[in-house]
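Numbering (the working numbering), first residue to last: 26 to 525.
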């Protein structure tokens, strides 16, 4: 819709200009640092950073009603830079000019309501938010769109002509980083580090197809992360893991979209998402807090983080109810079908601790919960979800298993609606579906398929036929008629069909 067709009073607000004052804010020592440098940790104390807009008071001055009007009208605007996560420009990165924003189709992924059968099985109303429908088929594109837009802005401002972007990954981050990096290939090269043999073939193919240099490293993700951190500390590279606080900003759009899609009424909602490196739950909490403080939403939803028992350091931390006695201890991970969350020492844990405390204090009650699920529950949940019209990945299965667990524990109550994060497309993790169907999971996964959920193709080859069609050799006349009749009869027998 053209700008001149909008109500006159809203037009000045629809196409924003840079008007923020962003600084890095250290989670540890609380020092502020200039964004005119590529920083990932505090030079003083070594802690991770968040980004803060020092002019955030101007957002509250606008008022919640007006912000709702701005976003609802802006969704009709045909401006490329504002079609994706930057619909919420003022709340994400209001220092980047619109002509330097990278948009590849990310954001505004569908909320799919569970069918009645699935709601009955789970015991509550819920939706899947299908973030697997982002460009690289995972939620990582939200953060990458913001991080690469900032790099684009930074490179133009500082006349950077040659830059290497690097990340460690369990599969989804590398695909996203390589895709968005390839869009800026005039000055940017991409390199990704993957744990050898720990990503699916589909995930490995993605960064290769985008032209990134792919390195496979012995060990698990945590080992790759240590190598990448060393690279970032000692060489001139751009780090694209969630240690990069611009990534966190982009992922806050997940919360903004949920708020808008439910007409900004989220007090009776429970957002359920898997925890890996903990950047996503950091962003989701932060996003809802921003909208609440600006008056856009009137109450904060519950947030339920989910971890597999094979990679559960955040769950273990919150097992201790007394905050003063909690100590974070990294864990050694075991093989998990939720590969994207198979992380024993999440980089964003300091962010989680700080923001979860602020979230609960702002809400006036406990609204952040963490639950643990088994590998069996994850796989069974994925299989059941996808037999009911969804395209959930293993992490989506983890979310559904976690939602069930939250209901069992009383964290989610009658009348509350779940929004379950399916972080990637199931096709990225189809290898695990095949293992489930064929009952070939190695013992360390602890997964045995339920017979009623197994599936396999049936070859139809009627024994009475002498001749069958072959590529380049189609049957003719009576042979073709006999082939069709016998094949139809066999299919009808297997499916117990009755003739008209």
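For every residue, glycine included, the Cβ atom is placed at its ideal position computed from N, Cα and C. This one's a predicted model, so the numbers in the text were calculated from it and none came from an experiment.
Our two residues, residue 244 and residue 360, have alpha carbons roughly 12 Å apart in a direct line.
Counted as a single uninterrupted DSSP element, the alpha helix (DSSP H) harbouring residue 256 occupies residues 246-259. In the DSSP assignment, residue 215 falls within the unbroken beta strand (DSSP E) covering 213-220. If you draw a 10 Å sphere on the C-beta of residue 181, you find fewer than 16 other C-beta atoms in it, and that means exposed.
Between the C-alpha atoms of residue 263 and residue 160 there is a straight-line separation of about 21 Å. Residue 78 sits buried, since 16 or more C-beta atoms from the chains shown fall within 10 Å of its C-beta.
Sequence-distant partners of residue 72 (beyond 5 residues in either direction) whose C-beta falls short of 8 Å from its own C-beta, in its chain, are 51, 52, 53, 54, 66, 375. Counting along the chain, the unbroken beta strand (DSSP E) around residue 51 starts and ends at 47-51. Using a Cβ distance threshold of 8 Å, residue 201 and residue 298 do not count as a contacting pair. Rounded to the nearest whole angstrom, the C-alpha separation of residue 126 and residue 344 is 41 Å. In the three-state DSSP reduction, residue 495 falls in the strand class (E or B). With at least 16 other beta carbons inside 10 angstroms of its own, residue 405 counts as buried.
Residue 75 is bridged by DSSP to 50. Residue 336 places its beta carbon less than 8 Å from that of residue 366. Under DSSP, the beta-bridge partners assigned to residue 299 are 331.
About 27 Å separates the beta carbon of residue 445 from that of residue 114, a gap too long to meet the 8 Å contact definition. For a cut-off of 8 Å, the C-beta gap from residue 274 to residue 118 is around 6 Å, short enough to register as a contact. Rounded to the nearest whole angstrom, the CA to CA distance from residue 327 to residue 511 is 57 Å. Segment contact: the stretch 253-273 against the stretch 171-187, three or more CB-CB distances shorter than 8 Å; contact assigned.
Following the DSSP letters along the chain, one finds residue 155 inside the beta strand (DSSP E) bounded by residues 151-155.
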